[in-house]
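*Asks:* Numbering (my numbering), first residue to last: 2 to 43.
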Amino acid sequence: MAESVLVVPGDGVGREVVPAAIEVLEAVADLEFVEADAGDRV
Numbered sequence: 002m003a004e005s006v007l008v009v010p011g012d013g014v015g016r017e018v019v020p021a022a023i024e025v026l027e028a029v030a031d032l033e034f035v036e037a038d039a040g041d042r043v
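Written out as structure tokens, the structure is:
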């Protein structure tokens, strides 16, 4: 069963970094990602 991880990319560098981090984490663990808005999008 996959663990759930909340992803909050925000409106700064997160939009560039988070997709790469998710790719790495998916390669090493069984995770499910749930995204939430933050920053100017809220």
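A virtual CB, placed ideally from N, CA and C, is assigned to each residue, including glycine. Since the model is a prediction, treat every value here as computed from it, not as a measurement.
1) Give the straight-line distance between the Cα atoms of Glu36 and Glu4, rounded to the nearest whole angstrom.
2) Rounding to the nearest angstrom, what Cα-Cα distance links Asp41 and Gly11 in this structure?
3) Beta strand (DSSP E) containing Val6: first to last residue?
4) Can you name the residues that DSSP bridges to Leu32?
5) Tell me which residues share the same chain as Val9 and place their Cβ nearer than 6 Å to its Cβ, disregarding the 5 neighbours each side in the sequence.
*Replies:* So, to answer that:
1) 14 Å
2) 8 Å
3) 4 to 8
4) Glu4
5) Ala37, Ala39
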